[in-house]
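Protein chains in written order, with this note's numbering: chain A, 1 to 484; chain B, 485 to 736; chain C, 737 to 1184.
Here a beta-carbon is modelled for each residue, glycine too, at the ideal position from N, C-alpha and C.
The model shown is predicted, which means the values in this text are computed figures rather than measured ones.
Have a look at the structure below before the remarks.
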Amino acid sequence: MAVTPETIDQLRSVTDEKYKYGFVTDIDADVAPKGLSEDIVRFISAKKEEPEWLLDWRLKAYRAWLEMEAPEWAKLNIAPIDYQDAYYYSAPKIGDGPKSLDEVDPKLLETYEKLGIPLKEQEWLAGVAVDAVFDSVSVATTYKARLEQEGIIFCSISEAVKNHPDLVKKYIGSVVPYTDNYFATLNSAVFTDGSFVYIPKGVRSPMELSTYFRINAQNTGQFERTLIIAEEGSYVSYLEGCTAPQRDENQLHAAVVELVALDDAEIKYSTVQNWYPGDENGVGGIYNFVTKRAACRGRNSKVSWTQVETGSAITWKYPSCILQGDNSVGEFYSVAITNNRQQADTGTKMIHLGRNTSSTIISKGISAGRADNTYRGLVRIQPKAEGARNYTQCDSLLIGDKCGAHTVPYIESRNPSAKVEHEATTARISEDQLFYCRQRGISQEEAVSLIVNGFCREVMQHLPMEFAVEAQKLVGISLEGSVG
Amino acid sequence: MALLEIRNLHVTVEDKPILKGIDLSIDKGEVHAIMGPNGAGKSTLSYIIAGRDGYEVTDGQILFDGKDMLELEPDERARAGLFLAFQYPVEIPGVTNTTFLKTALNSLRKGRGEGELDAMQFLKFVREKARPLGIGDEMLKRAVNVGYSGGEKKRNEILQMAVLEPVLAVLDETDSGLDIDALKIVADGVNALRSPDNATLVITHYQRLLDYIVPDRVHVLADGRIVKSGGKDLALELEAKGYAQFSSAEAA
Amino acid sequence: MAKEMIKDLSLAAGFEEAAPRLPGSDVAWLDALRAQGIAAFRSNGLPTRRVEAWRYTNLNALAKAGFAPVRGDAELDAVPDGAALALGDACRIVLVNGRLRHDLSSLDQLPDGIAAVGLAELLRRSPADLEDLIAPAPEGRDGVLAALNDAFMEDGLVLQIEAGVSVDTPIHLVSIGVPVAGQAVAFHPRNLIVAGAGSRSTLVESHIGLGEGSYFSNGLTDVTVGKGATLTHAKLQDEGAAAFHVALVRARIADEAVYDSFVLHRGGELARHETHASIEGSGAECRLNGAYLGTGRQHIDNTTVIDHMAPGSQSSEVFKGVLAGHARGVFQGRIVVHRDAQQTNGHQLNKTLLLSRDAEMDTKPELEIYADDVKCSHGATVGELSEMELFYLRTRGIDEATARDMLVSAFLSEAVSELRDETLVSAFAERIAGWVEARHEDRTEKAA
């Protein structure tokens, strides 16, 4: 997929608005008292009417978190976060949760409409099931009935805790344990909602599943937790998108995503991350500190992460694969764009445990303005990973001479039959390329968008069609004003 | 009023004078050739017409259809109908030829107040233009100029010209690096586009290309000035006698 | 914090006792430098693997070995034949356990325009001349071993190449580790190399060990390559099997200068060669190349940092290695292109062959780029010999062991051929061939 003129038109139509998702929805919310304590953890658990075991798990996580220190190894400059100065639960007042779309507050429907995600079935996104998460809770899930026919469970994780407790109990924390890292541990204590997907044995999901995350309330952290289980021989393609209002203070988003793929199962997980990036002076914006990990437990299982990261003031994110099953496959395709004062430290970990496991990493980092963009990745071949393969390619594009682009790969090989290859390059948009495009009648901004989309092509082509167009648009918008 | 009117054009690059008073007038329906030794300022002239950065006009004017060309950005000039076939076409990794051309064409069409072509219409259109140049679908799908041979790059320039249908085409050393067969294909492509409504400016070091693209007027550019103008026979004369007669600064 | 520090500080133990007899003990600035060094070591300790620069090299064994500063001269009458690199009639400067030995050196063969003096001698004779040349260790945990060198430095080579001088024959620095019975000796040689503007010269180091015991060589070499100068700096690390070898080279490279370095690791139980090259001038070139041969339980670490601080310079790195047995290899290569260093070219390549199930390679090629008009790339591969190539050779009648050796040698020759001097290429190639042969015999014996 490359940029199309339609895309460029869409781009043009939004360029004047800068961050067009920056509006706020005025809606009554049910909010927990400010601050973080065991009581707040209990409050969240009680609000969600959770079973005892989950509360205990949350409390263990909270106590562990108190003993931990925020990681400092990333190439990020993070202002200290006051964890007591935030709300950990904010839910639009929607009674007991929506039974059907007709019961969803029209203001919320309107919000998602404005974001380009109509929640009415059979409309624009026909063929894509959407779980809409607004601040701390899931407000609507579409196409549930259709999916239920196939035995697919697609609901908010809160609902799953109530309706499918055994599945949740079996898998939650099994890929990202509550002790994993500072932000994942915090999430384990205070997660409020997120999506749950279960694809039964042998089922190919008849449609794309998607979650749309929206932070609305002020001073509120969003801590969603997503769990996807693909049983033997099943397949699912899952998409997530995110936006937030334009605010002057930083907001924390610390999510955890766990994927489990059993024998012959395949999960394709795509993200277009467009949280509010802050203004051109670096005021405001989301701190996007996310732990995403997939366990390829089964033989021949496959997990493919595709991400387009254009938003957030700071991104700290390493979607990873633990390649446990023999012949399992992990893929990571990433575009990370930073402009103005944005910072991103993102990459992946591919841990090869099983025989003949293979992984592919394609990372495209684009840095403009005064931004810093780091690829950080680990490829580890364990002694038993006979015949393992990894191929990694990291390309950086610098736009302007005030930004930084960095590549920090770690390669650890402990099996002689494994083959690991890593390549990295840096480049810039040349004056010659810009002039050539402009001589053909293409404007400066279109040319930048075209060239950068060309640079990202190998990644973009892994996105589902619906997302690819959106993503290409974002590339152009997020680089606005970076040249000339 | 001539289509292109260059008056007393003085250009410097990093404070060094390159063009020292060029006068040139091209009417619709005409083909002009500018010949000259290396370092005469030929490429500078093509770049200044197209609006490349890094050149300073210290005196003079370029009028295109009566409008001041120097005020316009490169893409505005392109939308006004100017096309430059580059001596060294630029590589743009990851951007396919079709995407590139479609973006450019629709940008031009929009400028002319015409509707945009959709993907199917465009493909049909571009295939028609590509066939005579020996450019197949495979090449259309490849990234712009990436990994092309010299001949492919030049043919690709002519394809772009055919698609964008300029009013004035400037061909900068389009013959360089081409063997005789490729040269014929390129020249046929250019000739096919000749009409009473457009004009062509051929910039070349050698007379060879002018056997195939026959000019109405030939100008000799040496040391930043047009030192002689004449009919197509002037090119033959140059071929026979060389440029030495025109320039003491030939070594430059 | 404690997690980043090895608590065993026994390496510092002998300092108070040793300090009065170290050269220049009456010189105030040197005294202060030594005090600062020992204080830095005592407060930081040796780094654990939590310190990023030491992520893949565990120094616990070094901390626990009970190394103490060497006392007295080791008994050695002659440098055994074939121990050092074969460099023909090169001028030889011999250090035994870190001390310059005139009786073993051939300083009388120094070419014109080159001055070579022992550091200890200079510190006693005219310490003021050295004050500007002896730079303190980098601060913090990364620089702890250099700080130890600051504290204990005793001798070494001070080499000055006059401006404009051009010499073909190399200067050969031979460092010999001689284990002392009942004592784990440590020495901290400090070398200062100044290549004057427009000069052209070659310094070759052979680090070899005699006897079975353990010793610790902790060298620090400061190199200044003047404007338009070319310095070739090649090194063989073939220490004794139980030896620890840690070396830091800090190179400053001026306008249009060339620093061309190569290191071959073959010996030692734990070896680390670390280069910090600062490209301070434009039009300069920095080449850091190397090869490593590991077997048994050897641990071999190559760490490089290249700082591009001025525009229009280039750097290139090729490191290739072969690991057998339980050997472990480490490559950490960082290229930093600073804001002003436009038009920089930086290329880096690390390739490793793992020849056994228990060998391990950890590699971390890093780019840190703050300028946009640059061309930088790195590549790394880890794998085994190509089955197809092996098969091909065997179909031509070559037995498997020989075929493997041929392919290993061919793989390594790519790194050695980065040396631009034929004499050096053959001297190092001979060492590699020796290693391959020894392994071949080893395997044949085992098979028999």
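Just the Cα atoms here: how many angstroms apart are Arg1156(C) and Leu831(C)?
So the two alpha carbons sit approximately 27 Å from each other.
Give the residues of chain E in contact with Pro409(A), contact being defined as C-beta atoms less than 9 Å apart.
Absent from the structure is chain E; the protein chains it does hold are A, B and C.
Residue range of the unbroken beta strand (DSSP E) whose run includes Cys502(A)
This structure cannot settle anything about residue 502(A), because the visible part of chain A is limited to 1 through 484.
Within the same chain, show all residues whose beta-carbon is closer than 7 Å to that of Asp744(C), passing over the 5 residues directly before and after it, in chain order.
Its chain contains Ala799 and Lys800 as the residues whose beta carbon lies nearer than 7 Å to that of Asp744(C), once the 5 sequence neighbours on both sides are disregarded; these appear in chain order.
Could you check whether the Cβ of Ser713(B) sits closer than 8 Å to any Cβ belonging to chain A?
no
Does any C-beta atom of chain C lie closer than 8 Å to the C-beta of Ser478(A)?
no
Given this structure, state the Cα-to-Cα distance separating Thr966(C) from Met465(A), to the nearest angstrom.
56 Å
Any 3 or more C-beta pairs closer than 8 Å across the stretch 714 to 730 of chain B and the stretch 846 to 865 of chain C
no
Are there 16 or more other CB atoms within 10 angstroms of the CB of Leu685(B), so buried, or fewer, so exposed?
buried
I'd like to confirm the pairing. Which residues does DSSP put opposite Arg428(A) in its beta bridges?
Leu398(A)
Assuming Asp1076(C) and Pro1101(C) are in contact, meaning their beta carbons sit under 8 Å apart, how far apart are those beta carbons, in whole angstroms?
Not a contact, Cβ separation roughly 23 Å.
Hey, how far is the Cα of Thr1088(C) from the Cα of Val1144(C)?
For the pair Thr1088(C) and Val1144(C), the Cα-to-Cα distance works out to about 10 Å.
Looking at the structure shown, is Ser864(C) part of a helix, part of a strand, or coil, going by DSSP?
Sequence inspection shows Ala at residue 864(C); the Ser mentioned does not correspond to that position. Helix.
Alpha carbon of Glu52(A) to alpha carbon of Lys169(A), nearest angstrom:
Whole-angstrom Cα-Cα distance: 11 Å.
Just to confirm, are Val475(A) and Leu397(A) a CB contact at a threshold of 8 Å?
no
From what residue to what residue does the beta strand (DSSP E) around Gly635(B) run?
Unbroken run through Gly635(B) is the alpha helix (DSSP H), Gly634 to Leu648; no beta strand (DSSP E).
Does the beta carbon of Ile399(A) come closer than 8 Å to any beta carbon on chain C?
yes
Among Ala1137(C), Ile1105(C) and Ser911(C), which has the Cα closest to the Cα of Arg428(A)?
Ile1105(C)
What whole-angstrom Cβ distance do Ser877(C) and Val982(C) have, given they're in contact under 8 Å?
A quick correction: the sequence has Arg, not Ser, at residue 877(C). Between Val982(C) and Arg877(C) the Cβ distance is about 14 Å, and since that is not below 8 Å, they are no contact.
What are the partner residues of Arg701(B), as DSSP defines its beta bridges?
Note: Arg701(B) sits in a beta bridge opposite His516(B).
Using 8 Å as the limit for Cβ to Cβ distance, is Ile989(C) near chain A?
no
Measure the C-alpha to C-alpha separation of Thr483(B) and Arg626(B) and round it to an integer number of angstroms.
Residue 483(B) falls outside the range modelled here, since chain B spans only 485 to 736, and no answer is possible.
Should Val303(A) be labelled buried (16 or more other beta-carbon atoms within 10 Å of its own) or exposed?
buried
Excluding the 5 residues preceding and the 5 following Tyr995(C) in the sequence, name in chain order all residues of the same chain whose CB lies nearer than 6 Å to its CB.
Val961, Leu967, Ala987, Ile989 and Cys1022
Return helix, strand or coil for Lys162(A), following the three-state DSSP convention.
helix
From the DSSP output, in three-state form, read off Val541(B) for me.
strand
Kindly say whether Thr419(A), judged by its beta-carbon, lies nearer than 8 Å to any beta-carbon of chain C.
Looking at the sequence provided, one finds Lys at residue 419(A) rather than Thr. By this cut-off, Lys419(A) is an interface position.
Of the residues that make up the stretch 424 to 440 of chain A, which ones have a beta carbon closer than 8 Å to any beta carbon in chain B?
Ser430, Glu431, Asp432, Gln433, Phe435, Tyr436, Cys437, Arg438, Gln439 and Arg440
I'd like to know whether the C-beta atoms of Ala775(C) and Phe888(C) end up nearer to each other than 8 Å.
no
Considering only residues of the same chain and omitting the five flanking positions on each side of Leu1090(C), which have a CB-CB separation below 8 Å?
The residues are Leu1059, Glu1096, Met1097, Val1118, Gly1119 and Glu1120.
Under the three-state DSSP convention, the category His1176(C) falls into:
The answer is helix: DSSP assigns His1176(C) an H, G or I state.
Classify Lys268(A): buried if its beta carbon has 16 or more other beta carbons within 10 angstroms, exposed otherwise.
Taking all protein chains shown into account, Lys268(A) has 16 or more neighbouring C-beta atoms within 10 Å of its C-beta and is therefore buried.
Extent of the continuous beta strand (DSSP E) run through Ala447(A)
DSSP places Ala447(A) outside any beta strand (DSSP E); the residue lies instead in the alpha helix (DSSP H), whose first and last residues are Gln444 to Phe455.
To the nearest angstrom, how far is the alpha carbon of Ala539(B) from that of Glu110(A)?
One point to set straight first is that residue 539(B) is Tyr, not Ala, in the sequence displayed. Roughly 53 Å between the two C-alpha positions.
Considering only C-alpha positions, which residue in the set Pro177(A), Phe134(A) and Gln382(A) is nearest to Ser156(A)?
Selection Pro177(A), Phe134(A) and Gln382(A) evaluated against Ser156(A) yields Phe134(A) as nearest (Cα-Cα).
Which of the three DSSP states is assigned to Ala977(C) in this structure?
coil
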